[in-house]
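K.L.:
Mind looking over this structure? Questions follow.
2 protein chains.
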Amino acid sequence: MTQQQQTRMTKQRMVILEELRSVHSHPTADEVYGMVRQRLPRISLGTVYRNLDLLAESGDILKLESAGSQKRFDGNVTPHQHVRCTQCGRVGDVMEPVRLPDISGARAPGFIVLSGRIEFEGVCETCASKN
Amino acid sequence: MTQQQQTRMTKQRMVILEELRSVHSHPTADEVYGMVRQRLPRISLGTVYRNLDLLAESGDILKLESAGSQKRFDGNVTPHQHVRCTQCGRVGDVMEPVRLPDISGARAPGFIVLSGRIEFEGVCETCASKN
DNA sequence: GCATAAACAGTAATCATTACCAATAAACAA
DNA sequence: TTGTTTATTGGTAATGATTACTGTTTATGC
Ligand SMILES: [Mn+2]
Ligand SMILES: [Mn+2]
Ligand SMILES: [Zn+2]
Ligand SMILES: [Zn+2]
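Each protein sequence line maps, in turn, to chains P and B.
Per our numbering, the very first residue in the first sequence carries number 1; after that it's consecutive.
Per our numbering, the very first residue in the second sequence carries number 1; after that it's consecutive.
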């Protein structure tokens, strides 16, 4: 019988969660580091990474996956869809979600398909104004 | 009048393209390197990366956006959908594609939504048998 | 308070990808 | 065929994001 590992609510973890919930910007780990450092100037980047992973694992935040580039985090765990700017990688929330059609027909040899989601691409205002 | 930059069909570029077209496995750059090295033992990893990018830019191959720490490449450029194994990151092709609904209603403040695609997740045979 | 071990700060290591550069070889005209 | 041009190469160093390590700190329960 393995002892259930305790998790402690540290000041660092608390602040990371609060900061992430206070924005809609889907920041990267490095951006979270910048935000949190205003309140905890001595926090280390490693602590930010560790807690972002732990918070994602416990379901308190979302870890947004995308190939290659750096990962982004979301304090809003209610189901919603995302757009990614193809130029800078920024992520935004999609209002009026597009309903995902029935997935059950999707066959992929050698795979068991479990879920599907719609992934949007576009351009953010900042990048659009640069063109 | 800037002179249009020439592109040369080198042995390396040719073999990378051929090898990528000969498989359905959506290999990573490192896996392509392994495949190509059987025919060109002296090729460098940098050359593989460079050519994969050039081939993707010219539309001869696809650079997949799907999540994971490494990017994956596809020699099949005809439109199709992908599943990604959540355990190992392997990518497979989806037969009987699920039709993407009209996305023109998708609004995202601060973004111009340009496209959408369905991203599938699941488990590959290899990982499934390990459970 | 005191003991325990989860979590921390600081730092080194890893992994994927890019950048650099002198040497090589496609492409093309003579 | 030979020569000229310069895109591309192999080898290697550098970068950027993330993870691992380690001695110290601190949240938590008694
Ligand atoms: Mn969001
Ligand atoms: Mn494919
Ligand atoms: Zn942008
Ligand atoms: Zn798998």
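Even for Gly, the Cβ is constructed at its ideal location relative to N, Cα and C.
Who pairs with cysteine 124 of chain B in a beta bridge, going by DSSP?
P.N.:
In the second sequence, residue 124 of chain B corresponds to position 124, counting from 1. For cysteine 124 of chain B, which the question treats as bridged, DSSP gives the partners P/Phe111.
K.L.:
Nearest-angstrom Cα distance between glutamine 70 of chain B and aspartate 102 of chain B?
P.N.:
Walking along the second sequence from the start, residue 70 of chain B turns up at place 70. Walking along the second sequence from the start, residue 102 of chain B turns up at place 102. For glutamine 70 of chain B and aspartate 102 of chain B, the distance between alpha carbons rounds to 31 Å.
K.L.:
Would you check whether ligand 3 has a heavy atom nearer than 7 Å to the C-beta of threonine 28 of chain P?
P.N.:
The residue labelled residue 28 of chain P in the question sits at position 28 within the first sequence. Not under cutoff, so the answer is no.
K.L.:
Taking only heavy atoms of ligand 2 into account, decide whether any of them is closer than 7 Å to the Cβ of aspartate 60 of chain B.
P.N.:
Translated into the one-based positions of the second sequence, residue 60 of chain B becomes position 60. The answer is no for aspartate 60 of chain B.
K.L.:
Which residues in chain B have a C-beta closer than 9 Å to the C-beta of arginine 107 of chain P? List them in chain order.
P.N.:
Reading the first sequence from its first residue, position 107 is the one you call residue 107 of chain P. Ordered by position in chain B, the residues that pass the 9 Å Cβ test against arginine 107 of chain P are Val94, Met95 and Glu96.
K.L.:
What separation, rounded to the nearest whole angstrom, lies between the Cα atoms of proline 41 of chain B and alanine 29 of chain B?
P.N.:
Here residue 41 of chain B refers to the residue found at position 41 when the second sequence is read from its first residue. Here residue 29 of chain B refers to the residue found at position 29 when the second sequence is read from its first residue. For proline 41 of chain B and alanine 29 of chain B, the distance between alpha carbons rounds to 16 Å.
K.L.:
If you measure from the beta carbon of alanine 56 of chain P to each beta carbon in chain B, is any gap under 8 Å?
P.N.:
The count along the first sequence starts at 1 and reaches residue 56 of chain P at position 56. No - not a single Cβ of chain B is within 8 Å of the one on alanine 56 of chain P.
K.L.:
Which whole-angstrom value describes the C-beta separation of phenylalanine 120 of chain P and valine 94 of chain P, a residue pair presumed to lie in contact below a C-beta threshold of 8 Å?
P.N.:
Start at 1 with the first residue of the first sequence, and residue 120 of chain P comes out as number 120. Start at 1 with the first residue of the first sequence, and residue 94 of chain P comes out as number 94. About 6 Å; that satisfies the 8 Å criterion.
K.L.:
I believe aspartate 60 of chain P touches leucine 100 of chain P by the beta-carbon criterion, under 8 Å. Please report the beta-carbon distance rounded to the nearest angstrom.
P.N.:
Taking the first residue of the first sequence as position 1, residue 60 of chain P is located at position 60. Taking the first residue of the first sequence as position 1, residue 100 of chain P is located at position 100. Actually they do not touch by this definition, with Cβ atoms about 25 Å apart.
K.L.:
Closer than 7 Å: is that where the CB of valine 113 of chain P sits relative to any heavy atom of ligand 4?
P.N.:
As a working mapping, residue 113 of chain P is identified with position 113 in the first sequence. Incorrect: valine 113 of chain P has no Cβ contact closer than 7 Å to ligand 4.
K.L.:
Less than 8 Å between the CB atoms is what I'm expecting for valine 109 of chain B and glycine 92 of chain P, so what's the real figure, rounded?
P.N.:
One-based indexing of the second sequence puts residue 109 of chain B at position 109. One-based indexing of the first sequence puts residue 92 of chain P at position 92. This sequence places proline at residue 109 of chain B; valine is not what is there. Contact holds; Cβ gap of about 7 Å.
K.L.:
Run the CB neighbour count on cysteine 88 of chain P, radius 10 Å, all protein chains shown included, and call it buried at 16 or more, exposed below.
P.N.:
Residue mapping note: residue 88 of chain P aligns to position 88 of the first sequence, counting from 1. Its Cβ having fewer than 16 others within 10 Å, cysteine 88 of chain P is exposed.
K.L.:
For histidine 80 of chain B, count neighbouring Cβ atoms within 10 angstroms of its own Cβ and tell me buried if that reaches 16, exposed if not.
P.N.:
The residue given as residue 80 of chain B occupies position 80 in the second sequence. When all chains shown are included, histidine 80 of chain B counts as exposed.
K.L.:
May I have a chain-ordered list of the beta strand (DSSP E) segments no shorter than 3 residues that lie completely inside the segment 73-98 of chain P?
P.N.:
Qualifying beta strand (DSSP E) stretches, in chain order: 81-85 and 91-94.
K.L.:
Cβ of glutamate 31 of chain B less than 8 Å from any chain P Cβ?
P.N.:
As a first step, residue 31 of chain B must be located in the second sequence, where it is residue number 31. No, no contact with chain P.
K.L.:
Please state whether DSSP places valine 15 of chain P in a helix, a strand or coil.
P.N.:
Residue mapping note: residue 15 of chain P aligns to position 15 of the first sequence, counting from 1. Helix.
K.L.:
Does valine 83 of chain B come within less than 8 Å of chain P when only Cβ atoms are used?
P.N.:
The residue given as residue 83 of chain B occupies position 83 in the second sequence. Chain P, which has a Cβ nearer than 8 Å to the Cβ of valine 83 of chain B, makes this yes.
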